[in-house]
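Data first, discussion second: the structure below is written as structure tokens.
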Amino acid sequence: MNHWLVKSEPFKYSWDDFVKEGKSVWDGVRNYQARNNLMAMKKGDWVYFYHSNEGLEVVGLAEVSKEHYPDPTTEDPRWVVVELIPIRKFTKTVTLKQMKSDERLSNLALLKQSRLSVTPVDKPEFDIIMSLTQ
Numbered sequence: 066m067n068h069w070l071v072k073s074e075p076f077k078y079s080w081d082d083f084v085k086e087g088k089s090v091w092d093g094v095r096n097y098q099a100r101n102n103l104m105a106m107k108k109g110d111w112v113y114f115y116h117s118n119e120g121l122e123v124v125g126l127a128e129v130s131k132e133h134y135p136d137p138t139t140e141d142p143r144w145v146v147v148e149l150i151p152i153r154k155f156t157k158t159v160t161l162k163q164m165k166s167d168e169r170l171s172n173l174a175l176l177k178q179s180r181l182s183v184t185p186v187d188k189p190e191f192d193i194i195m196s197l198t199q
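Spelled out as structure tokens, the structure:
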């Protein structure tokens with residue numbers, strides 16, 4: 066199993082929107098590295114849902130429910146989507162400030178490539194972030 070983090074601006078698409086829909090087609094990715102990350106996602110992988118621009122925090126856990134297929138929002142065959150389902154909202158979110166101040170997360174892709182909307186999270190990092198939600 067691999068682990069991931071996806072970013073969304075809550076005023077455009079929030080965790081609550083995601084839960085209300087019950088699933089999401091993760092579309093609109095137009096960066097090659099983020100696209101490659103979508104293509105590497107496998108059904109059953111866990112995904113942190115991060116609110117960017119406002120909030121700046123990991124707010125919930127999702128799961129990949131369908132692996133990549135062509136993005137229906139464009140006719141350009143280079144772009145793909147995956148489908149995600151919400152697993153749970155965290156009662157205690159993990160802020161960007163917390164992650165930046167934790168030296169164990171110093172190599173976290175979110176911190177190294179802050180503009181990327183889909184990033185991998187290695188297992189130790191995933192476990193650290195999860196422990197911070199307790």
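FYI, in the numbering used here the residues of the sequence shown are 66 to 199.
Note that beta-carbon positions come from the ideal geometry of N, C-alpha and C, so glycine has one too.
Spatially closest choice to residue i from the options, by CA coordinates
i           : options            : result
residue 74  : 198, 190, 180      : 180
residue 172 : 110, 114, 189, 183 : 189
residue 148 : 104, 187, 160      : 104
residue 66  : 195, 176, 78, 191  : 191
residue 199 : 186, 153, 165      : 153
Boundaries (first-last residue) of the alpha helix (DSSP H) holding residue i
i           : result
residue 122 : Segment 122-135 is the beta strand (DSSP E) holding residue 122; no alpha helix (DSSP H) there.
residue 175 : 174-177
residue 80  : 80-86
residue 171 : Counting along the chain, residue 171 falls outside any alpha helix (DSSP H), and DSSP gives it neither H nor E.
residue 100 : 97-105
residue 165 : 161-166
Expected contact under 8 Å - CB spacing of residue i and residue j to nearest Å
i           : j           : result
residue 110 : residue 69  : 6 Å
residue 122 : residue 159 : 6 Å
For residue i: DSSP bridge partner residues
i           : result
residue 112 : 69, 127
residue 147 : 91
Where residue i falls: helix, strand or coil (DSSP)
i           : result
residue 153 : strand
residue 140 : coil
residue 185 : strand
residue 190 : helix
residue 117 : coil
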